[in-house]
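To start, the structure under review is shown below, and the notes come after it.
Numbering (our numbering), first residue to last: 1071 to 1316.
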């Protein structure tokens, strides 16, 4: 039944949306893609960036993986398989996107597994812990600083701190750092609370993820941003000193 649902959905798309937007698809086929925004999002089936942002085909270049993580740059490049890094490079160097958004979210299973460590029900998986170890130091810092807090608070803090860790890792790619310095690329740290349907963006001035209430948002990292302002440790220290908003 699940596969039939997909095929029925594709039939509806073909007969409906595709035909209604045939000019758009013809243009995309002839001219190629030219998105201005790259979103690094979680593979979680409940958090689809295209649906959340109500965008059309061709408007977003999307990379999805477990927990919306960006690994640090590997220089010189090695012969391993760097799927996320390759996609980011294609979007930044090849397509010339102007914005990179890292979109974390509430109730993330990958982050939950990272938080629980050896106690996780996924602890014996072959690849999960190796991937989420990208944010292991961030996780350990949160657990240490928020010791005694409920697991829900710790998990949420790790979800948000991991987004900042990914932004820090983005800046380790020389062709990203160069474009940010030139003012042709900006980075955004976002977090989505699915239980409230609310989007949050990191505010370096307050070291907090503030609700996005309008139709504009300041970048987290721009030309003159001090990278110290997005350090996960700074955010975790701020979280440790204030009451959670949930």
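Every residue, glycine too, gets a C-beta built ideally from N, C-alpha and C.
Where do the ends of the alpha helix (DSSP H) carrying residue i lie?
i: residue 1361; result: It is not possible to answer for residue 1361, since the shown part of the chain is limited to 1071 through 1316.
i: residue 1120; result: 1119-1123
i: residue 1157; result: 1153-1159
i: residue 1097; result: 1092-1101
i: residue 1298; result: Residue 1298 -> no alpha helix (DSSP H), and no H or E assigned at all.
i: residue 1286; result: Looking at the DSSP string, residue 1286 is not in any alpha helix (DSSP H), and its letter there is neither H nor E.
i: residue 1203; result: Segment: none, residue 1203 is in no alpha helix (DSSP H) and carries neither H nor E.
Please name the residue or residues paired with residue i in a DSSP beta bridge.
i: residue 1279; result: 1272
i: residue 1169; result: 1107, 1256
Looking at the secondary structure, which residues open and close the beta strand (DSSP E) in which residue i lies?
i: residue 1132; result: 1130-1135
i: residue 1259; result: 1256-1263
i: residue 1111; result: 1107-1112
I need the DSSP call for residue i, collapsed to helix, strand or coil.
i: residue 1176; result: coil
i: residue 1291; result: strand
i: residue 1212; result: helix
i: residue 1238; result: helix
i: residue 1305; result: helix
i: residue 1088; result: helix
i: residue 1193; result: coil
i: residue 1126; result: coil
i: residue 1267; result: coil
i: residue 1233; result: helix
i: residue 1313; result: coil
i: residue 1218; result: coil
i: residue 1227; result: helix
i: residue 1244; result: helix
Pick from the options: whose alpha carbon is nearest that of residue i?
i: residue 1319; options: 1243, 1104, 1096, 1306; result: The structure shown has nothing for residue 1319, since the chain only spans 1071 to 1316.
i: residue 1161; options: 1245, 1113, 1191; result: 1245
i: residue 1266; options: 1273, 1141, 1175; result: 1175
i: residue 1229; options: 1129, 1182, 1190, 1074; result: 1182
i: residue 1240; options: 1188, 1143, 1133; result: 1143
i: residue 1279; options: 1285, 1256, 1306; result: 1306
i: residue 1325; options: 1113, 1127, 1082, 1257; result: The structure shown does not extend to residue 1325, since the chain is modelled only from 1071 through 1316, so no value can be given for it.
i: residue 1225; options: 1201, 1255, 1263; result: 1263
i: residue 1209; options: 1097, 1125, 1088, 1139; result: 1139
i: residue 1105; options: 1277, 1114, 1132; result: 1132
i: residue 1129; options: 1247, 1282, 1189, 1120; result: 1120
i: residue 1303; options: 1194, 1090, 1216; result: 1216
i: residue 1256; options: 1086, 1191, 1289; result: 1289
With respect to 7 Å, is the separation between the Cβ of residue i and the closest non-hydrogen atom of the ligand GTP below this value?
i: residue 1185; result: Questions concerning the ligand GTP fall outside what the structure shown contains, since it holds no ligand whatsoever.
Checklist entry - Should the segment 1293-1307 be called in touch with the segment 1239-1259, which here means at least 3 C-beta pairs below 8 Å? => result yes
Next on the checklist: Assess contact between the segment 1151-1164 and the segment 1214-1226, defined as three or more Cβ pairs (one per stretch) separated by less than 8 Å. Is contact present?
Outcome noted: no
Next on the checklist: Check whether the segment 1106-1114 and the segment 1171-1189 touch, using three or more Cβ-Cβ pairs below 8 Å as the test.
Outcome noted: yes
Next on the checklist: For the pair the segment 1231-1239 and the segment 1192-1212, tell me if three or more CB-CB distances fall below 8 Å.
Outcome noted: yes
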